[in-house]
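Using my numbering, you'd call the opening residue of the sequence shown number 3 and step up by one each time. Take a look at the structure set out below.
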Amino acid sequence: MNMRWPKLLGSGPLLARESGWWVGLLLIFSASCANDQNLADIILDSDPVCEPRSGLGPASNQLLTCTLVQTGLDRSFLIYIPDLYESQDIPAPLLFSLHGYTSSAIINMGYTGFQELADQHGFLLIYPQGSILSTTGATHWNVGGWTTGSATNDVEFIEGIIEWASTNYRVDVNRIYSAGMSNGGSMSYHLACHLGSKVAAIASVTGPMTFDTYRDCIPRGSTPVLHIHGLIDPVVPYLGNSVMMPINDGIEYWVQASNCDSQGVETAIVDQDGDGIGGTYTRYENCTSSANVDLYLLDNLGHQWPVIRSGLVRADIDAASIVWGFLSNFEKDGG
């Protein structure tokens, strides 16, 4: 695929506020049992049909909108192929970036800042679109628990995209990652539990594990996990509540699952611009297969995606840079 399509220029809020989720309790959601042979054809009713997304910037790189059918449901995703991928004849990492509840793939693309990093490092980027939750009419990822009324198998959806991408692009299958905001972060945890055979590492910004994900988690060996959270998040409280797992409880689960040191190494995040958004960074080390668990806690930050970009400083860390810097260290074989 050597054609050049217009690049999407980031738009939307620098600090996304994807809120309003955690609505009630629901059913448990299981991973696909399909055989790996021709898995994309088994999982998806139809192969994705991809078209260039035009009119959003200079003719550089490729941004495609892809549509497909999964168990009778119309689904879609965006895929971003940077020039560096096209110029290098080597397998590339693949990063999934998952939006939050009520949000969309295009909005997620606008605020996360992953495109610039893909341009620099040559990894493939996929922004899946969540389906409509029938009880609320809002987009969501089915992570059990609060997603009342959902029957969507999003693990199967992501798995089908992985199989399709691995067939149609030079994907390094040992370096497939998932990151997400809010409900998308919770979905990343869900993938670590139910698609750990294919996802090498995950990151969540403001999204906790749900109680259902925690209860039914079946991790495949050690899993590197990164979490970023604001201590005054009003949507997903750091201490949790009746439908949200406390952030530290989720971190403790992955520390134990990967046999890391129980005591993390803590470093201060300095408030460089006087906005009150400093905090702490804790790394849990000596995990099996070098699968570190990292936790960033930010003072005076709400339900937001931290950004330092284009001369603008919002918070004292840049989530995209930290997420990619963490994830890119890990491979499925433990590298």
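Every residue, glycine too, gets a C-beta built ideally from N, C-alpha and C.
For residue 72, report the span of its beta strand (DSSP E) as first-last. Counted from its first residue, the sequence shown places residue 72 at position 70. For residue 72, the uninterrupted beta strand (DSSP E) segment begins and ends at 64 to 72.
Between the alpha carbons of residue 161 and residue 276, how many angstroms are there, rounded? Against the sequence shown, residue 161 aligns to sequence position 159. Against the sequence shown, residue 276 aligns to sequence position 274. Cα to Cα, the separation comes out at about 43 Å.
My understanding is that residue 125 touches residue 94, with C-beta atoms under 8 Å, so please give their C-beta distance in whole angstroms. Your numbering for residue 125 matches position 123 in the sequence shown. Your numbering for residue 94 matches position 92 in the sequence shown. Confirmed, about 5 Å.
Across the region 135 to 147 and the region 161 to 173, are there enough close Cβ pairs to call them in contact, namely three or more that are closer than 8 Å? A contact between stretches requires three or more CB pairs, one per stretch, nearer than 8 Å, and the region 135 to 147 fails this requirement with the region 161 to 173.
Continuous alpha helix (DSSP H) stretch holding residue 257: start and end: Working through the sequence shown from its first residue, we reach residue 257 at position 255. Residue range 249 to 259 is occupied by the alpha helix (DSSP H) that includes residue 257.
Name the DSSP bridge partner or partners of residue 76? Within the sequence shown, the letter at position 74 stands for residue 76. DSSP lists 71 as the bridge partner or partners of residue 76.
Which value, in whole angstroms, describes the spacing of the CA atoms of residue 291 and residue 278? For the purposes of this step, residue 291 is taken as residue 289 along the sequence shown, with counting starting at 1. For the purposes of this step, residue 278 is taken as residue 276 along the sequence shown, with counting starting at 1. Near 37 Å, if we compare the C-alpha coordinates of residue 278 and residue 291.
Ordered along the chain, which non-local residues of its own chain (more than five positions away) have a Cβ less than 7 Å from that of residue 331? On the sequence shown, residue 331 is found 329 positions in, with the first residue counted as 1. Around residue 331: no qualifying Cβ.
Within its chain, find whatever has a CB closer than 7 Å to the CB of residue 33; leave out the 5 residues flanking it on each side and keep chain order. In the sequence shown, residue 33 corresponds to position 31, counting from 1. Interpretation of residue 33 is limited by its pLDDT of 33, a score under 50 that renders its predicted location unreliable; the figure taken from the coordinates is listed afterwards. Around residue 33: 157, 196, 197.
Residue 262 to residue 255, Cα distance in whole Å? Stepping through the sequence shown from its first residue, residue 262 is reached at position 260. Stepping through the sequence shown from its first residue, residue 255 is reached at position 253. So the two alpha carbons sit approximately 10 Å from each other.
Assuming residue 49 and residue 147 are in contact, meaning their beta carbons sit under 8 Å apart, how far apart are those beta carbons, in whole angstroms? Start at 1 with the first residue of the sequence shown, and residue 49 comes out as number 47. Start at 1 with the first residue of the sequence shown, and residue 147 comes out as number 145. About 32 Å; that fails the 8 Å criterion.
Going along the chain, which residues of its own chain have a beta-carbon closer than 6 Å to the beta-carbon of residue 46, five neighbours each way excluded? Along the sequence shown, read from residue 1 onward, the residue named residue 46 stands at position 44. Excluding five sequence positions before and after residue 46, the CB atoms of its chain that fall closer than 6 Å to its own CB belong to 70, 72, 162, given in chain order.
Unbroken alpha helix (DSSP H) run spanning residue 177, endpoints: Walking along the sequence shown from the start, residue 177 turns up at place 175. Note, residue 177: premise wrong, no alpha helix (DSSP H); beta strand (DSSP E) at 173 to 183.
Where residue 165 falls, given that 16 or more other Cβ within 10 Å makes a residue buried: Here residue 165 refers to the residue found at position 163 when the sequence shown is read from its first residue. Buried is the call here.
Reference residue 280; option with closest CA among 259, 122, 317, 101: Along the sequence shown, one-based indexing puts residue 280 at 278. Comparing Cα-Cα distances from residue 280 to each of 259, 122, 317, 101, the minimum goes to 317.
Reduced DSSP category for residue 46 - H, G, I as helix; E, B as strand; rest coil: For this step, residue 46 is matched to residue 44 along the sequence shown. Three-state DSSP puts residue 46 in coil, outside helix and strand.
To the nearest angstrom, how far is the alpha carbon of residue 274 from that of residue 207? Residue numbering aside, residue 274 sits at position 272 when the sequence shown is read from its first letter. Residue numbering aside, residue 207 sits at position 205 when the sequence shown is read from its first letter. Straight-line measurement puts the Cα of residue 207 at about 21 Å from the Cα of residue 274.
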